[in-house]
Amino acid sequence: MNFINYALAAAAATCLAFTGAAEAQGVAANTIELVNVAQQGSDIIVKIDMKDELKAPPAGFSIANPAKIAFDFPATANGLGKVTQTVNQGDLRSLNVVQVGDRTRLVLNLVRNMNYTTRLEGKSLYVTLASVSPGGSLAQRVTRFTEESVIGVRHSLHDVNFRRGRDGEARIVVELSDTGTGIDIRQQGTALIVDFSKTDVPEHLRRKLDVTDFGTPVTSVETRTRGENAQMTITPKGLWEHNAYQTDNQFIIEVKKIVENPNKLVQGTKIGYQGPRVSINYQNGDVRALLRLMAEELGLNAVISETVSGTTTLVLKDVPADQVVDIIFQQKALDMRKNGNVLLIAPRDELATKEKLDYEARQQISDLEPLRTEAFQINYQKADELQKLLTDSNQRMLSKRGSAVVDARTNTLFINDTSPRLEEARAVIARVDVPVRQVLIEARIVEASDAFSRNLGVRLGYSNPYRNGPGNRGLAVGGGYTSTAQKTAFVRPDPITGEKVLKQIVEGTPDYASMHQINLPATPRSGTAGALSFLLYNSGLTELLSLEVSALEADGRGKVISSPRVMTADQVEAMIEQGVEIPYQQATSSGATSVSFRKANLSLKVKPQITPDGKITLSLDVNKDTPNATLNTGSGVAIDTKHVKTEVLVDNGGTVVIGGIYTQNTKNNTTKIPLLGDIPFLGWLFKNNEVIDDKTELLIFITPKIVSEKLGLN
Numbered sequence: 036m037n038f039i040n041y042a043l044a045a046a047a048a049t050c051l052a053f054t055g056a057a058e059a060q061g062v063a064a065n066t067i068e069l070v071n072v073a074q075q076g077s078d079i080i081v082k083i084d085m086k087d088e089l090k091a092p093p094a095g096f097s098i099a100n101p102a103k104i105a106f107d108f109p110a111t112a113n114g115l116g117k118v119t120q121t122v123n124q125g126d127l128r129s130l131n132v133v134q135v136g137d138r139t140r141l142v143l144n145l146v147r148n149m150n151y152t153t154r155l156e157g158k159s160l161y162v163t164l165a166s167v168s169p170g171g172s173l174a175q176r177v178t179r180f181t182e183e184s185v186i187g188v189r190h191s192l193h194d195v196n197f198r199r200g201r202d203g204e205a206r207i208v209v210e211l212s213d214t215g216t217g218i219d220i221r222q223q224g225t226a227l228i229v230d231f232s233k234t235d236v237p238e239h240l241r242r243k244l245d246v247t248d249f250g251t252p253v254t255s256v257e258t259r260t261r262g263e264n265a266q267m268t269i270t271p272k273g274l275w276e277h278n279a280y281q282t283d284n285q286f287i288i289e290v291k292k293i294v295e296n297p298n299k300l301v302q303g304t305k306i307g308y309q310g311p312r313v314s315i316n317y318q319n320g321d322v323r324a325l326l327r328l329m330a331e332e333l334g335l336n337a338v339i340s341e342t343v344s345g346t347t348t349l350v351l352k353d354v355p356a357d358q359v360v361d362i363i364f365q366q367k368a369l370d371m372r373k374n375g376n377v378l379l380i381a382p383r384d385e386l387a388t389k390e391k392l393d394y395e396a397r398q399q400i401s402d403l404e405p406l407r408t409e410a411f412q413i414n415y416q417k418a419d420e421l422q423k424l425l426t427d428s429n430q431r432m433l434s435k436r437g438s439a440v441v442d443a444r445t446n447t448l449f450i451n452d453t454s455p456r457l458e459e460a461r462a463v464i465a466r467v468d469v470p471v472r473q474v475l476i477e478a479r480i481v482e483a484s485d486a487f488s489r490n491l492g493v494r495l496g497y498s499n500p501y502r503n504g505p506g507n508r509g510l511a512v513g514g515g516y517t518s519t520a521q522k523t524a525f526v527r528p529d530p531i532t533g534e535k536v537l538k539q540i541v542e543g544t545p546d547y548a549s550m551h552q553i554n555l556p557a558t559p560r561s562g563t564a565g566a567l568s569f570l571l572y573n574s575g576l577t578e579l580l581s582l583e584v585s586a587l588e589a590d591g592r593g594k595v596i597s598s599p600r601v602m603t604a605d606q607v608e609a610m611i612e613q614g615v616e617i618p619y620q621q622a623t624s625s626g627a628t629s630v631s632f633r634k635a636n637l638s639l640k641v642k643p644q645i646t647p648d649g650k651i652t653l654s655l656d657v658n659k660d661t662p663n664a665t666l667n668t669g670s671g672v673a674i675d676t677k678h679v680k681t682e683v684l685v686d687n688g689g690t691v692v693i694g695g696i697y698t699q700n701t702k703n704n705t706t707k708i709p710l711l712g713d714i715p716f717l718g719w720l721f722k723n724n725e726v727i728d729d730k731t732e733l734l735i736f737i738t739p740k741i742v743s744e745k746l747g748l749n
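If you read the sequence shown in the numbering used here, its first letter stands for residue 36, the second for the next number, and so on.
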């Protein structure tokens, strides 16, 4: 939004700046007390009376569309008591006075662009508005956007940016060093020239920007130094109009496309009539003479038919000239046709009859015109596809006598038709037969895992080799020793017979697992748990108590990165995959079995589309399958599937995360002997504990890049 529109909105929305004018005047050093407007000949004089004398004229700038001239008064309050004033003097319609803080802006609302000059006389500022000279061509007219307000000081450009607007308009944003920079705008030939008075251009901004790919009316913007000034050359194409405005140190110029309307005398995107305002008192005058005068006022080349006759009476005041012509057309049933820059004005029925005869004559000429055959070498497209495009029965581009033949070997298209249709076909082929831009899509599929487990278990046993006395040796049920070292360490002779009692007892005992009354060892998912064994006995080795504590803690982290990449043309689907095919048995209709295969692949399927502003729309289908041998059902190996299908918009070279899967598996298992396992502290001798905390996360990153036609990709 430019500052003018902002100021008008602010004036309509709030009265704070004006109801508090007394407070503002206490802060501001000066005040606008009165504004008078008078017309002297073709010029308009605006007199602005101030409370105190101005040391220098205020900074001013003009806007081409809509036509406005604005002046900024620093440290000045609005003492008029109102924010708008209707004038209707010549091309000056009204004025707005808006105060923001201690600054006041005076805006002159014009019918059309005008040149202005300023001068100071005592406490008054005089602004003289003069019409743009009609003798000079439009291409050479200069609009003084902003006068230089700080004399003798060098200015500079800080930055130049190009953007595409919401409605497809080009927007050139220039960062200025200060608000006192003088700016002139003029149209020179087909280009728009912007001169910045006494302004330096840094070396990195002296460049030419090729902005064709942005899809705006502007094809290039060149900034350079011209003498002591900075000059910007904006090169548009087709029909266009421009609009410029400034907010603080930011100068913005917009270039919009004009869609030509043959029914309008004055072209432009502005709604309503745009011609110069005229006042007419025409009593019973000739219509042809009045149309001639309006054509001269609008600067048009007009041919008025001899059949235009009659008289009319018009009394109009301050009405656009193109509206006057429209009124006459409605009164007299007239119409116009535009041929280049020449208008043909005639009765509506006469023009319709003439056009009908022209169409019939052209149709007859087309039916009789000789046919020519021309060969078109197709470079980037398939010739048979272009043949279908040109000869499609629903939208046939060739004439009813025309035909197209394809030579598949040389990819050549032969078209036989009239000369005008051959020219149209040549334009279509030149538009379609162009190289397709390439897009490189890089994907990174990251699968991270964090596994943690803790296992704790015990084995507890009691034995008494002499529980029935020395002559009747025995072993308690489940009793025994806990390790080989303990078995050999306590072998001793029998006190009566001298035999190695413990060794014989050990050789005759059951296996190790059945030698404990409490058998709850650690059960890790993988690996072997560590064990710590204890043996308690009395001095006569008649009472033995064995204890084994087993434990294992495992903490593992892993990361699997898959990075498929594929290059494809714009709007062409591509796929890349890598993996294995797993065989499995499948029953057939005859009862026999056959071997089939199932894929477990990493695949990337993508279809890119390059937008006019250089971004990329991606239709993505990413699949990551991995075999899971732990879930083998006997019929085949199970497959873990991770699948993402989506459509995203990404900047060229940007990275987007299109999906993520986070999984956490937490377990806490306890196996214990009832009652005994619940005893505080001692209960750990009668239980087994297992803690599991597994985390997995899957992220998919996509990075598309448009491959330049002039550069290779390593």
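Quick reminder that beta carbons are idealized off the backbone N, C-alpha and C, glycines included.
Item, Value
"Run of the alpha helix (DSSP H) containing Ile-207, from where it starts to where it stops", "Here Ile-207 belongs to no alpha helix (DSSP H); instead the beta strand (DSSP E) covers 205-211."
"Helix, strand or coil at Asp-402 according to DSSP, with G and I counted as helix", "helix"
"Meets three-Cβ-pair contact criterion under 8 Å: the region 579-594 and the region 478-486", "yes"
"Span of the beta strand (DSSP E) around Asp-194", "190-199"
"Where Glu-204 falls, given that 16 or more other Cβ within 10 Å makes a residue buried", "buried"
"Cβ pair Lys-86, Asn-71 closer than 8 Å", "no"
"Beta-bridge partners of Trp-275, as assigned by DSSP", "Lys-292"
"Same chain, Cβ closer than 7 Å to Thr-623, neighbours up to 5 away in sequence not counted", "Ser-629"
"CB of Val-679 within 8 Å of CB of Val-657, strictly", "yes"
"For Leu-155, the residue or residues it bridges with in DSSP", "Leu-160"
"For Glu-156 and Gly-114, believed in contact at Cβ under 8 Å, the rounded distance", "So it is not a contact: roughly 19 Å between Cβ atoms."
"Boundaries of the alpha helix (DSSP H) in which Phe-487 is found, first to last residue", "No alpha helix (DSSP H) contains Phe-487, which is instead part of the beta strand (DSSP E) from 473-498."
"Ala-465 classed as buried or exposed, judged by whether at least 16 other C-beta atoms fall within 10 angstroms", "exposed"
"Secondary structure of Gly-712, DSSP reduced to three states", "helix"
"Span of the beta strand (DSSP E), counted from its first residue to its last, around Lys-373", "369-374"
"Inter-residue spacing [alpha-carbon to alpha-carbon] between Lys-373 and Leu-386", "12 Å"
"Boundaries of the alpha helix (DSSP H) in which Ile-464 is found, first to last residue", "454-467"
"Pair within 8 Å by beta-carbon distance, Lys-650 and Asp-686", "yes"
"Segment contact flag, the region 342-353 with the region 316-325, C-beta cutoff 8 Å, min 3 pairs", "yes"
"Length of the line joining the Cα atoms of Val-253 and Thr-216", "25 Å"
"With 16 other Cβ atoms within 10 Å as the buried cut-off, status of Asn-131", "buried"
"Runs of beta strand (DSSP E) wholly within the region 553-586 (minimum 3 residues, chain order)", "553-555 and 565-572"
"Alpha-carbon spacing of Asp-675 relative to Leu-637, whole angstroms", "12 Å"
"Assigned exposure category for Asn-123 - 16 Cβ within 10 Å defines buried", "exposed"
"Contact under 8 Å by Cβ, Val-672 with Ile-735", "no"
"CB of Ala-410 within 8 Å of CB of Val-441, strictly", "no"
"Contact check, Asn-663 vs Leu-587, beta carbons under 8 Å", "no"
"Stretch pair the region 415-432 + the region 560-573: three plus CB contacts closer than 8 Å", "no"
"Sequence-distant residues of the same chain with beta carbon closer than 8 Å to Ala-368, five excluded per side", "Pro-382, Arg-383 and Asp-384"
"Environment of Gln-621 [buried if 16+ CB atoms lie within 10 Å]", "exposed"
"Contact set for Val-208: own chain, Cβ-Cβ below 7 Å, skip 5 residues either direction", "Asn-196, Arg-198, Gln-285 and Ile-287"
"Buried versus exposed, by CB contacts within 10 Å (16 or more), Tyr-151", "buried"
"Lys-243 beta carbon less than 8 Å from that of Glu-257", "yes"
"Val-132 (DSSP reduced to helix, strand or coil)", "strand"
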